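Visitor: One point on numbering: in my numbering, the residue at position 70 of the sequence shown is 52, and numbering is uninterrupted.
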Amino acid sequence: YTYVKEDLSLGEKLHIGQKAMLLIPDLLLLLMVGIVFEKMIADYYGNILYQGKELVLGSVKPRTYKAMDKIMEEMK
């Protein structure tokens, strides 16, 4: 009985791993878009808009990192 239960948790772990693997390309894409966007803002609109974006991203980034930490924890 316990053997079946352990087998299930392994299955769950694999499932979480697959979910994380599906998320990674999305995160990379977001990162690339972010870098391009950052360069555009810096090049064309100067510091004022750039700083405004930093304020907005400043509130978004910690949440993104928390989500990443959660995924990493679940994968362990």
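Beta carbons: idealized from backbone N, C-alpha and C, even for Gly.
As the structure is a prediction and not an experimental result, all values here were calculated from the model.
1) Please report the straight-line C-alpha distance between Leu4 and Ile(-2), rounded to a whole angstrom.
2) Grab me the residues of Ala2's own chain with a C-beta within less than 7 Å of its C-beta, minus the 5 sequence neighbours each way, in chain order.
3) Cutting at 8 Å between CB atoms, please list the residues of its own chain near Asp51, excluding the five before and the five after it.
4) Rounded to whole angstroms, what is the Cα-Cα separation between Leu15 and Lys48?
Guide: Taking the geometry as given:
1) Position 22 of the sequence shown, counted from the start, is the residue given in the question as residue 4. Position 16 of the sequence shown, counted from the start, is the residue given in the question as residue -2. Between Leu4 and Ile(-2), the C-alpha separation is close to 10 Å.
2) Here the question's residue 2 lines up with position 20 in the sequence shown. Taken in chain order, the residues that qualify are Ile53, Met57.
3) Translated into positions along the sequence shown, residue 51 becomes position 69. Correct list: empty, nothing qualifies.
4) On the sequence shown, residue 15 is found 33 positions in, with the first residue counted as 1. On the sequence shown, residue 48 is found 66 positions in, with the first residue counted as 1. At residue 15 the sequence reads Val, which differs from the Leu that was named. In a straight line, the C-alpha of Val15 is about 21 Å away from that of Lys48.
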